[in-house]
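First to last, the protein sequences are chains B and R. Letter by letter, the first sequence follows residues 4 to 800 of our numbering. Letter by letter, the second sequence follows residues -2 to 316 of our numbering.
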Amino acid sequence: MKYRLPSFAFLFASFVFNFLTLNCLAQEKKYTISGVITDAKNGETLIGASVQVIESGRGSVTNTYGFYSLTLPEGKYSLKVELNRDLRKSLALSSRSVDVAEVVISAEATKNIESTEVSNISLSMEKIKALPAFMGEVDLIKTIQLLPGVMSAGEGNSGLYVRGGGPDQNLILVDDATVYNAAHLFGFFSIFNADAVKNVELIKGGMPAQYGGRLASVLDISLKEGNSKELQVDGGIGLIASRLTIQGPIKKDKISFIVSARRTYIDVLAKPFIPKTSNAAGSGYYFYDMNGKINWRISEKDQVYLSGYYGKDIFTFIDKDSFINFKVPWGNGTASARWNHLFSEKLFASTSLSFSDYNFQFQSQFDEFSATFYSGVRDYAAKVTFSYFPSVLHSIKFGANFTRHRFTPNIANAQAGATEFSIGADDRIFGNESGIFISDDFDVTDNLRINAGLRLSNYSQVGPFTRYDKDEFGKAAGERKYGKNEHVITYNGLEPRFSFRYKTGVTHAIKGAYTRNLQYIQLASISPLSLPTDIWIPSSQLLKPQLGNQFNIGYFRNLASNKYETSVEVYYKTMGNLIEYVEGAQPDDNLGDNVDNNITTGKGNSYGLELFVKKMTGKFNGWIGYTLSKTTRTFPAINGGEPFAAKYDRRHDLSIALTYDKSPTWSFGAVFVYATGSRITLPVQRYYSFEAANFVDIYGPRNSFKMAPYHRIDVSATLRRPTVKMVKDPVTGEMVERKKKVTSSWNFSIYNLYNRKNPYFLYNDLTGDLSKGDSKVVLKQVSLFPILPSVTWNFSF
Amino acid sequence: MMHTKLALIAGMAFLFSSCEKEIEVELPYAEPQIVVEGKLEEGDFPQVIFTRSIAYYTNINEETLASMFVNNASASIRVGNDTIPLLKICLADIPDSLLDEVSQQLNLPPGFDKFCIYTSLDSRLKGISGKSYELIADVEGKKLTSLTTIPQAVPLDSLWFKGDNGGDTLGYIYAQLSDPAAPGNAYRWFAQRINRYLSGENAGEEKDLDFIAPFNSAFNDEFFNGKTFPISYNRGSRPGSEKRDDTDFERGYFRKGDTVVVKFTAIDDAVYQYYRSFYNSIGSSGSPFSTPANVKTNVKGGLGIWAGYGVSLDTLIIR
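Structure below.
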């Protein structure tokens, strides 16, 4: 047994092969090696590590649970384990019964050349945390927006716009549970607490068959399982928020837990400055969120965890002058339970049950009129995925999923005095979404590897439901009532998925993909800004499922001994049955009506070129991403049927993210973004209305105007306090190094370094006095954030 | 629920000290359009005004104002088998003694002397409930048509005043409405204080010279079809009014001692849709939180509204 350890091995962390065992299948004379790769320091499983047979160049990649399996003919092999992350830290192996293998661990990342994954980016939280953070809060979504093909949507928008898709076309999964609203505070922060997240994977093309239900991308977020070795407390105190994470073993190496929580305190800080006599006294805003997870490694074959998230934003507005009170709470909750089971060395199964709830409420009171208005979506879901590794040539996945949706498109209770208004009190929508899938990732020749998959998906709406029929003029034309579980409408479809990798050399490859996706639920947004008032609605009798087709091809090449990963990709995408509100629709149009009666459908397309250069090793690392793209929409009932640019159509989008580890004490980060301005609709004419004694606007073509380009630089510096101190040994009297119990670091960030006034929105301001026959309109641009320094103190013990 | 946007706007303003600056844009040329603002009330004669739209960032002065007014239209109204031409009455034709009152009635800024109104005193054009009236106009070669119906008026059951904020001096007018059983009713509320100011600079003047529709004065029976329920309205102000009670704390309130005539009108759906989008456009003009939408119209070949009103009047003396 011999190990070739990389020369940069040091002290602290170590990676372990867990239960690396051999299994004999006598008649075929083949052997299977399988196992889970974990971080020896805290027991967390490592996702996306590649296990490669050096002799053949073939191998396996650890899945979301750190599991891999390799089946090989009898023989002598060298295995190479590659972790697609920085390995400055020490590596050590402990293992048993691997006498057939020579194991090499290296930090060289060739996964991007070897795998069939195309348009797929994985980020570790370490990388994300090294970058400057807005107001000191590390934000995963904002980092994702720095990747090519993902538009930086600007301030006040935490939506992801991937390759011309809308923010509802991304499947956001947190430990298998779907998240419907990933943003706090009108999009200024995302809901993911960086301390609780282990790994983030973004799939923007070549979506594998096990994922479905969205057109544009999958954002798969894995939360930490909790340190199974020792108790660990991490936290941070920032200018606007603080957070705390506690994790540790309940039973060492067997059961671990992690809980983390975060709260903003803008409201608490602002309170002393709002006098009690002020009209707005009592107004305020805050959000909090909590994550919790218990992970139990029952045996080498079984692992179970329970994971939960709960977060809420609460905004209160009080105006004593007008006797108007509002309270606007909104938030998400998710819960999931997962069981991983190893049937054999070759067959791995993961079964999960999950729950997801998103709701938005608006409570208002004005004199004797009161109204509560709420909308949301609630899911109960089950999913089973089998991974089968019959030989080193094949990696087969198959499985099924089912989701029970309950949509609350818009429900209001209103009262005027003693009279209750009947405004659609039971207009909830129930739907069942399901899918079965199979895919095989296999080597055709030494150079050609193919991932072929097929997904069959289905959506059925069931009662209770009331369909309010409309005639061709939009007037009520009767009702159709459906009883509980009565069938309303069903859609289904086949979604072929195909991707390939053709190696043109050891460090370069051509990869391509074709995927077809169906999407049965969608976000109807009435405002051009992304606000929590947006409503999730499913496919219905009037709305066919959204259909997406995407072709993409790229050239991937690693340079300088795999220090640099580079890629050039092009894509073309068509989207059908997209939705928009009809022109002039109001939020309360949905009340007492089916939302889809106010929706109109159309199609869209997007094409683009993406360049990416990434350096993930060494002291100096980061990436540069550039996207050239065009996205259009065509709706017969909007803009006179003429094609118009999607609001997030960005011709140019450039992101540069860099980090530099100067010393064990100091590290630095910088981010630069540049994007073509967002598109908006502006009035082109106006007319004088005698009735209003004012002007009425006439708008030009939809999204025909571009705002000023968006660009800014953020910088950060992190100062780590020494982790050791010198103490006098009480026995020998000598000064010795002792590890400090508490380690801490200071993070200093400057957001928008050169104080760029980026446009958030534009509005027209009337000046002068019309009654004196002299007035003019000027266009004003509102920007949100000037240069914003922040400081956060992070600690760990 | 209409307050959602307001709350969010207030929220943004509350949370962030945003910064703003003036910018300039070049807008594409757009052909001017003809806009109609016309009404026909039950028991009254038609009034129609035509205007032209102008480029958005045109500065407004006497000259540009004059260029907006249309005084060369030929217009008529068809009712049944009769087509009756409308007469043009221009401000320039009105004796100076009347001009001031007319300007006030029509909310006219100074420099409006190029403006004309189209009307008729033909008895066949006196509005009758249940009849349909088609406006036909030709403006500089552009053909405009619009059809409206005067719906059956729905009288209010009762009117009362309720003081606001616990007091009994300033408050709002409440009314009980019994909506007819059939769906599809739409209404518009107007009110006029016919008593006089007792003190102040306007002492002796009638408080309102005409009926005033408050903001969001149009609604329909979508949520309360066939029900009997209370509605309430604040006091509307004449746009641009600089009177004391339209600018200080009394703005929006009726006052103890006022005699108020409520004109509660029935309108058809196209008129309701117009006013709904009209108030929305005015209320959200420039707001980034609403999807820009043009005001709806029932005018073919142009913009604006041709509205028929079924009228029911009621008087409340606030004691």
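Each residue gets a CB set at the ideal place from its N, CA and C atoms; glycine is no exception.
Can you tell me which of the three DSSP states residue i falls into?
| i | result |
| --- | --- |
| Gln44 of chain R | strand |
| Asp242 of chain R | helix |
| Phe275 of chain R | helix |
| Met293 of chain B | strand |
| Asn213 of chain R | coil |
| Gly229 of chain B | coil |
| Gly314 of chain B | strand |
| Arg705 of chain B | coil |
| Thr809 of chain B | This structure gives no information on residue 809 of chain B, because the portion of chain B shown stretches from 4 to 800. |
| Asp178 of chain B | coil |
| Thr146 of chain B | helix |
Mark residue i as exposed unless 16 or more other C-beta atoms lie within 10 angstroms of its C-beta, in which case mark it buried.
| i | result |
| --- | --- |
| Val19 of chain B | Residue confidence for Val19 of chain B is low, a pLDDT of 34 falling below 50, so the modelled location carries little weight; the figure read from the coordinates is stated next. Buried: at least 16 other Cβ atoms inside 10 Å. |
| Tyr214 of chain B | buried |
| Phe800 of chain B | exposed |
| Ala133 of chain B | buried |
| Arg193 of chain R | exposed |
| Gly299 of chain R | buried |
| Ala185 of chain B | buried |
| Gly305 of chain R | buried |
| Gln30 of chain R | buried |
| Arg300 of chain B | buried |
| Leu143 of chain B | buried |
| Trp539 of chain B | buried |
Considering only the alpha carbon of each residue, which of the options lies closest to residue i?
| i | options | result |
| --- | --- | --- |
| Phe559 of chain B | B:Val307, B:Gln55 and B:Ile513 | B:Ile513 |
| Asn294 of chain B | B:Ala180, B:Ile144, B:Gly162 and B:Leu631 | B:Ala180 |
| Ile269 of chain B | B:Met138, B:Ser564, B:Arg500 and B:Asn601 | B:Met138 |
| Val616 of chain B | B:Ile602, B:Ser658 and B:Ala588 | B:Ser658 |
| Asn217 of chain R | R:Ala52, R:Thr225, R:Gln173 and R:Ile264 | R:Ile264 |
| Lys566 of chain B | B:Ser528, B:Gly611, B:Thr510 and B:Val687 | B:Thr510 |
| Ser118 of chain B | B:Gly162, B:Arg166, B:Val177 and B:Gln55 | B:Gln55 |
| Ala178 of chain R | R:Val151, R:Gly280, R:Gln270 and R:Phe187 | R:Val151 |
| Asn328 of chain B | B:Asn608, B:Ser367, B:Ala136 and B:Val687 | B:Ser367 |
| Val141 of chain B | B:Ser193, B:Glu120, B:His655 and B:Gly334 | B:Ser193 |
| Thr662 of chain B | B:Thr721, B:Leu150, B:His655 and B:Ala648 | B:Thr721 |
| Ser126 of chain R | R:Phe226, R:Tyr269 and R:Leu37 | R:Leu37 |
| Phe647 of chain B | B:Phe638, B:Arg653, B:His655 and B:Arg654 | B:Phe638 |
What's the C-alpha gap between residue i and residue j?
| i | j | result |
| --- | --- | --- |
| Ser94 of chain R | Leu118 of chain R | 22 Å |
| Leu667 of chain B | Lys743 of chain B | It is Pro, not Leu, that sits at residue 667 of chain B in the sequence shown. Taking the straight line joining both Cα atoms gives about 15 Å. |
| Leu550 of chain B | Thr577 of chain B | 8 Å |
| Gly771 of chain B | Arg470 of chain B | 50 Å |
| Leu96 of chain B | Ser353 of chain B | Summary for Leu96 of chain B: the model assigns pLDDT 35, below 50, so the residue's position carries little reliability; its value from the coordinates is reported in the next sentence. Cα to Cα, Leu96 of chain B sits roughly 27 Å from Ser353 of chain B. |
| Glu203 of chain R | Lys779 of chain B | 33 Å |
| Glu131 of chain R | Ser143 of chain R | 6 Å |
| Ile240 of chain B | Thr795 of chain B | 6 Å |
| Asn797 of chain B | Val121 of chain B | 36 Å |
| Ala267 of chain R | Asn295 of chain R | 6 Å |
| Ser175 of chain R | Ser155 of chain R | 10 Å |
| Leu396 of chain B | Ile556 of chain B | 23 Å |
| Asn58 of chain R | Asn222 of chain R | 47 Å |
| Ser245 of chain B | Gly334 of chain B | 19 Å |
| Leu163 of chain B | Ser220 of chain B | 9 Å |
Any C-beta of chain A sitting closer than 8 Å to the C-beta of residue i?
| i | result |
| --- | --- |
| Glu38 of chain R | Of the protein chains in this structure, namely B and R, none is chain A. |
Spell out a yes or no on whether the segment 251 to 264 of chain B and the segment 204 to 213 of chain B are touching, meaning 3 or more CB-CB pairs, one atom from each, closer than 8 Å. Note that the segment 251 to 264 of chain B does not touch the segment 204 to 213 of chain B; fewer than 3 beta-carbon pairs, one per stretch, sit closer than 8 Å.
Is it the case that the segment 455 to 471 of chain B contacts the segment 484 to 492 of chain B, given that we only count it when at least three CB pairs across the two stretches are under 8 Å? Below 8 Å, enough C-beta pairs join the segment 484 to 492 of chain B and the segment 455 to 471 of chain B to call them touching: three or more.
Are the segment 242 to 254 of chain R and the segment 158 to 167 of chain R in contact at 8 Å, needing three or more beta carbon pairs? Contact between the segment 242 to 254 of chain R and the segment 158 to 167 of chain R is present, because at least three Cβ pairs lie under 8 Å.
The segment 180 to 192 of chain R / the segment 63 to 83 of chain R touching (three or more Cβ pairs under 8 Å): At 8 Å Cβ cutoff, the stretches do not touch.
Segment contact flag, the segment 229 to 246 of chain R with the segment 287 to 294 of chain R, C-beta cutoff 8 Å, min 3 pairs: Short answer: they don't touch.
Inter-stretch contact (C-beta, 8 Å, three-pair minimum) for the segment 618 to 631 of chain B and the segment 600 to 608 of chain B: Segments in contact, no.
Report yes or no: do the segment 491 to 504 of chain B and the segment 403 to 414 of chain B share at least 3 C-beta pairs separated by less than 8 Å? They do not touch, by the three-pair rule.
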